[in-house]
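Written out below as structure tokens is the structure these notes cover.
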Amino acid sequence: MQHQYLDILVLNKTRLDETISNSEISIDKYTFVRNDRTRHRGGVAMYIRNSIHFNLRNYLHDEALEFLCVEISKPKVKLFLISTWYRPPNSCKDLFDKLQVILDKIEFLGIENNIICDLNCNMSASIAHNNTKHLLELSESYQYTQLIKESTRVTNSSSTLIDFFLTNEPNNFTSAGVIVLGISDHNLIYAIRKHSGVKSKPITIKSRSYKNFDETSFKHDIDAIPWQYIVSLDDPINAWQIWKNYFLMLLISKLQSNKEE
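In terms of the numbering used here, the sequence shown opens at residue 565 and continues consecutively.
Structure below.
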């Protein structure tokens, strides 16, 4: 991770518990956030680069789900969510119903959400399992797009697509795919998000040119200013203000105005 510039690394099935501290698994220049299960079950976590400002969104959570959600805020970019969910094999259908409650909340917020997940539903199966069908129905209902198209778990006897990158803003991503790691039968999935900031308002610069300045005319007009009146004023601050106004108006009238955008 020090040589490959990953902004956020999401982990599913971490098998961490309270006996393992963050310091034992820390990575320099990253913040570690986690939602543990047990040493023998799932759990999810994220490594987030220190330069990225984020907030945990605990209200987008259900105790029955191995789920974690952070809100990312970057300069000149709309807030967006990075979520992760691990669904163990042979889990009951009710877990999808609990996810639906979270998706309802996110839809109400009207915010971009990206879910990186291992759901143990084979999207590439010729005949979709009931759990896969339910996932597809949820994705269609909430308008989420699955960016990963290749198999993510490959063994000597099978090839399945069970790891997903679901997003409700697919146009915000330039690419997504699978990286073969060689250290596990689970491959690494990735997505690259655009970094297009909010377009700034145009800046208008006004300037004045001395190119055609007529010094003789300027001196003549200065002599026409009612200096005796200004000198007769008792309040020096008022006298200064009047003199400055006369002088600037005269100067501006003699200079060519330029405008650049």
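Built from N, CA and C at the ideal position, the CB exists for glycine as well.
Suppose you measure from the CA of residue i to the CA of residue j; what does that come to, to the nearest Å?
i    : j    : result
N732 : I584 : 35 Å
V753 : D727 : Reading the sequence as shown, one finds Ile at residue 753 and not Val. Going from the Cα of I753 to the Cα of D727 covers about 7 Å.
L624 : L659 : 14 Å
R757 : V634 : 16 Å
F777 : I816 : 10 Å
K697 : S688 : 12 Å
S796 : L812 : 21 Å
T780 : A803 : 26 Å
D600 : I572 : 18 Å
H693 : K662 : 19 Å
K783 : H759 : 56 Å
S723 : L570 : 27 Å
I691 : S721 : 18 Å
K657 : K669 : 20 Å
Y611 : L632 : 12 Å
L673 : Q664 : 14 Å
P800 : Q792 : 14 Å
Using DSSP with H/G/I as helix, E/B as strand and the rest coil, what is residue i?
i    : result
T716 : coil
M827 : Nothing can be reported for residue 827: it is not among the residues displayed for the chain, which extend from 565 to 825.
V762 : Note that V762 scores 49 on pLDDT, short of 50, meaning its location in the model is unreliable; the coordinates nonetheless yield the value given after this. Correct three-state label for V762: coil.
F729 : strand
M813 : helix
E635 : strand
N678 : strand
K808 : helix
P575 : For clarity, residue 575 is Leu in the given sequence; the question names Pro instead. DSSP places L575 in strand when its eight states are reduced to three.
A692 : coil
S647 : strand
F596 : strand
Q710 : strand
H625 : coil
L752 : strand
A740 : strand
A803 : helix
S723 : strand
D657 : According to the sequence displayed, residue 657 carries Lys and not Asp. Here K657 sits in coil by DSSP.
Y793 : helix
N735 : helix
Sorted by chain position, which residues of the same chain lie with C-beta nearer than 6 Å to residue i's C-beta, five sequence neighbours on each side aside?
i    : result
L667 : Y706
S739 : I756
A609 : L575, T578, R598
L683 : R651
E714 : V742
Would residue i and residue j qualify as a contact pair, given that the criterion is a beta-carbon distance under 8 Å?
i    : j    : result
N619 : S647 : no
R579 : G607 : yes
E676 : F644 : yes
F737 : I712 : no
T716 : L702 : no
E627 : W649 : no
K593 : N622 : no
N735 : V742 : no
N695 : C681 : no
Who are the near neighbours of residue i in its chain, counting only those whose CB is closer than 7 Å to its CB and skipping five residues on each side?
i    : result
Y810 : I789
D785 : L814
T719 : D749
Y708 : L730, T731, N732
W807 : I794
V744 : N751
N586 : F596
Enumerate in chain order the residues of its own chain whose CB-to-CB distance from residue i is below 8 Å, with the five nearest sequence positions on each side excluded.
i    : result
T602 : R579, D581
V762 : Caution applies to V762, whose pLDDT of 49 falls short of 50 and renders its modelled position unreliable; the model cannot decide the point.
Q710 : M687, S703, F728, F729, L730
Would you grab the beta carbon distance between residue i and residue j for me? Rounded to a whole angstrom, and I think it's under 8 Å.
i    : j    : result
H617 : S590 : Contact flag wrong, Cβ pair sits at about 19 Å.
Run the proximity test for residue i: is its beta-carbon closer than 7 Å to any non-hydrogen atom belonging to the ligand SAM?
i    : result
N586 : For the ligand SAM, the structure offers nothing, since it holds no ligand at all.
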